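In this text, residue positions in the sequence shown follow numbering that gives the first Met the number 0: the first is 0, and each later residue adds one.
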Amino acid sequence: MTLTFPDHLTDPREASKRLNSFMSNFLRERIGSFITVRELHESGSWHYHLLVAFQAPICLGFRWKYAKDHKAIPVFKTATKALKTLWRDIREAAPKYGFGRSEILPVRTGKGLAKYFSKVILQRALDPERFKGVRLVSYSRNFLRSVARFAWNNPYTRDFRRKVKRFATELLGITEKLTDEPPDVDWLSYLFPAWFWRYGKVIDGIDRILAQPDLANMYRHTIQPAEF
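Laid out in structure tokens, this is it:
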């Protein structure tokens with residue numbers, strides 16, 4: 000489930016206040032347990048992602064292949080009556096509690112879910128000062144918790160640091176000595192603001208981009224040296 004705000008809401012306390020009101024007065028009677036994850040838009044406005052165990056059945060017969068196309072008729076036709084009712088009720092209730100666009104989709108795989116929620120862990124790891132004192136993840140009391148320390152020494156983060164290094168040295172031509180140790184990712188924070196949100200997709204696809212000289216040159220001209 001995704002909940003956004005219609006206004007440019009940058010105050011985490013106000014975001015929490017609206018969510019708590021929405022949970023207490025509307026959502027709690029419809030769900031069993033939940034995890035809430037708070038995330039920043041590139042603009043600096045907050046929004047929420049929730050993993051929710053609804054009491055009503057919402058997964059049976061759902062066509063995930065059409066889920067990204069909001070105009071696709073098969074999504075609505077294959078949704079259960081319970082899911083259609085939730086869509087209607089939350090669409091009507093969300094504005095009363097200060098929320099804007101909302102979305103509910105069934106979970107397809109645990110692997111996709113883990114990738115979806117791990118973005119927030121990466122957010123805090125890359126920019127700890129920005130999220131200092133802000134609780135990004137919370138659980139319902141009846142949710143089984145698994146706590147693990149975030150570590151930089153795993154295949155995903157090692158590959159991410161490798162891509163950041165290629166982005167800096169091979170695409171942008173930055174010649175400072177870089178290693179693959181975590182602190183060296185921090186230099187991007189003062190070279191230009193919001194680098195992860197602005198160029199995260201470029202970094203993720205850097206191997207493909209650098210394999211095509213014309214495409215790489217296009218990005219070099221797009222990311223002007225004046226930004227540094």
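Don't be surprised by glycine CBs; every beta carbon is placed ideally from N, CA and C.
Computed from a predicted structure; not experimentally measured.
Cβ neighbour criterion (16 or more within 10 Å) applied to residue i
{"i": "T1", "result": "exposed"}
{"i": "A14", "result": "buried"}
Beta-carbon proximity of residue i to residue j, cut-off 8 Å
{"i": "K162", "j": "D203", "result": "yes"}
{"i": "V136", "j": "I34", "result": "yes"}
{"i": "W45", "j": "P94", "result": "no"}
{"i": "L112", "j": "L50", "result": "yes"}
{"i": "L209", "j": "L171", "result": "no"}
{"i": "F61", "j": "L85", "result": "no"}
{"i": "L39", "j": "I57", "result": "no"}
One or two residues paired with residue i in a DSSP bridge
{"i": "R37", "result": "Y47"}
{"i": "S137", "result": "T35"}
{"i": "L18", "result": "The partner list for L18 (beta bridge, DSSP) is empty, contrary to what the question assumes."}
{"i": "S101", "result": "L2"}
{"i": "I30", "result": "F53"}
Top-ranked residue by Cα proximity to residue i, from the options
{"i": "H48", "options": "F116, S139, R165 and G132", "result": "F116"}
{"i": "R17", "options": "S32, I30, G31 and R37", "result": "R37"}
{"i": "K80", "options": "E41, L104, T9 and A55", "result": "A55"}
{"i": "Y138", "options": "N24, G31 and T3", "result": "G31"}
{"i": "F166", "options": "G43, I222 and R129", "result": "I222"}
{"i": "Y198", "options": "Y218, Q211 and R207", "result": "Y218"}
{"i": "F25", "options": "R107, L39 and Y96", "result": "Y96"}
{"i": "M22", "options": "H220, A92, P5 and R160", "result": "A92"}
{"i": "D206", "options": "E128, R87 and T168", "result": "T168"}
{"i": "K200", "options": "T77, F159 and P154", "result": "F159"}
Residues near residue i in its chain [Cβ-Cβ closer than 7 Å; skip 5 each side]
{"i": "A225", "result": "Since pLDDT at A225 reaches only 38, below the 50 mark, its modelled position is unreliable, and the value read off the structure follows with that caveat. Around A225: no qualifying Cβ."}
Cutoff 6 Å; reference residue i; Cβ partners in own chain excluding five residues on either side
{"i": "T3", "result": "H46, G99 and R100"}
{"i": "A89", "result": "Here residue 89 turns out to be Ile, not Ala, going by the sequence shown. Excluding residues within five positions, the ones whose Cβ falls inside 6 Å are S101."}
{"i": "S20", "result": "Y96"}
{"i": "I173", "result": "A167"}
Cβ shell of residue i (< 8 Å), same chain only, five flanking positions each side left out
{"i": "R27", "result": "none"}
{"i": "T9", "result": "G43, S44 and W45"}
{"i": "H7", "result": "S42, G43 and S44"}
{"i": "V106", "result": "L50, C58 and L112"}
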